[in-house]
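J.: Numbering (this note's numbering), first residue to last: 4 to 81.
1. CA-CA distance, residue 45 and residue 54?
2. Please determine, among 56, 34 and 48, the residue with the shortest C-alpha to C-alpha distance to residue 16.
3. Mapping the DSSP letters down to three states, classify residue 33 as helix, strand or coil.
4. Per DSSP, what kind of secondary structure is residue 4 in: helix, strand or coil?
5. Given a threshold of 16 other Cβ atoms within 10 Å of its Cβ, counted over all protein chains shown, does residue 4 qualify as buried or as exposed?
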């Protein structure tokens, strides 16, 4: 199995990227340090942490307002 060069791949992304992070206390898998590392490698990254949202980012519980707000703000910033 070939190891993917994630750092190299992230460094090549030049378009804006929205990194949406779930709350680790609710089942989110991305840690704060993971998010910081990814953002440090992106040329144009924006990070949003959804407090209180688990791995499903609020979709499974229909608590979608924070996710929709983050997506709307990101798209409007383009």
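Heads up, the beta-carbon is just placed ideally off N, CA and C, and yes, glycines get one too.
T.: So, from the listed chains and residues:
1. The alpha-carbon atoms of residue 45 and residue 54 are separated by roughly 23 Å.
2. Out of 56, 34 and 48, 48 has the C-alpha closest to the C-alpha of residue 16.
3. Shown here, residue 33 sits in coil according to DSSP, grouped into three states, outside any helix or strand.
4. Note that residue 4 has pLDDT 47, beneath the 50 cutoff, so the model's placement of it is unreliable and the number below is only indicative. Residue 4: coil per DSSP, three-state reduction.
5. Low confidence applies here, because residue 4 scores a pLDDT of 47, under 50, leaving its location unreliable; read the following figure in that light. With fewer than 16 other CB atoms across the displayed protein chains lying within 10 angstroms of its CB, residue 4 is exposed.
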